[in-house]
Ligand code: DLZ
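Residue numbers (the numbering used here): 1226 to 1396.
See below:
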């Protein structure tokens, strides 16, 4: 959670593993694309900063945040039948803005539980880069605004989780 005490783009670069031999899938919701595309670009730039080549990043778009679970699940599977490579981690990017009805709560809950379930059952970590905000200003603040970029945070988390996975699997 971003607060005035925690900027989403703040991290110590010396603590981030080299990501040059990692492969990532990014699934992005098109709802609130002004926000989600800024998060996506932040994630891609941060992965590149730590060495991930462009060809190791596969980006897919889905209509809304609710579809992120299905999208992420598909990306966690081998994509070789499409000539693509299996990914080491998936970053799920969305932005749900509170409206006048309980729809917000259902989308947030379904997406959150779905991503949690993928993490508990699949081999590939799925990173939760979902903004759930009351106002568009809160989203802007977290999409490259005063509180940083949730996409940066998602990329750093993805790199750390791939590193974690490799350590627990191979040591
Ligand atoms: C329907 C809907 C609404 C009202 N709001 C959002 C939103 O703020 N953010 C978002 O990512 N998606 C929204 N959606 C779309 C749902 O996620 C989903 O795409 C549709 O309910 C179709 O399954």
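All residues carry an ideal CB built from backbone N, CA and C; glycine is no exception.
All of these numbers come straight from a predicted model, not from anything done at the bench.
Rounded to whole angstroms, what's the CA-CA distance from residue i to residue j? Just pull it up for me.
{"i": "residue 1227", "j": "residue 1235", "result": "10 Å"}
{"i": "residue 1332", "j": "residue 1296", "result": "15 Å"}
{"i": "residue 1346", "j": "residue 1335", "result": "16 Å"}
{"i": "residue 1327", "j": "residue 1384", "result": "35 Å"}
Find the nearest neighbour of residue i within the set the options, judged by alpha-carbon distance.
{"i": "residue 1286", "options": "1251, 1276, 1315, 1245", "result": "1251"}
{"i": "residue 1377", "options": "1331, 1291, 1280, 1317", "result": "1317"}
{"i": "residue 1229", "options": "1390, 1363, 1391, 1392", "result": "1363"}
{"i": "residue 1281", "options": "1315, 1323, 1294, 1324", "result": "1315"}
{"i": "residue 1260", "options": "1270, 1340, 1322", "result": "1322"}
{"i": "residue 1382", "options": "1329, 1367, 1368, 1350", "result": "1350"}
{"i": "residue 1391", "options": "1238, 1237, 1240, 1246", "result": "1246"}
{"i": "residue 1324", "options": "1360, 1300, 1237", "result": "1360"}
{"i": "residue 1238", "options": "1263, 1232, 1274, 1268", "result": "1274"}
With residue i and residue j assumed to form a contact (beta carbons below 8 Å), what rounded beta-carbon distance in angstroms separates them?
{"i": "residue 1265", "j": "residue 1312", "result": "Not quite, the Cβ-Cβ distance comes to about 15 Å (not below 8 Å), so this is no contact."}
{"i": "residue 1352", "j": "residue 1379", "result": "5 Å"}
{"i": "residue 1258", "j": "residue 1355", "result": "The Cβ separation is near 15 Å, so there is no contact."}
{"i": "residue 1263", "j": "residue 1368", "result": "4 Å"}
Bridge partners for residue i per DSSP, in chain order?
{"i": "residue 1286", "result": "1253"}
Beta carbon nearer than 7 Å to a non-hydrogen atom of the ligand DLZ: A distance filter of 7 Å between CB atoms and the heavy atoms of the ligand DLZ selects the following residues in sequence order: 1254, 1256, 1257, 1288, 1289, 1290, 1291, 1292, 1319, 1320, 1321, 1322, 1324, 1328, 1329, 1332.
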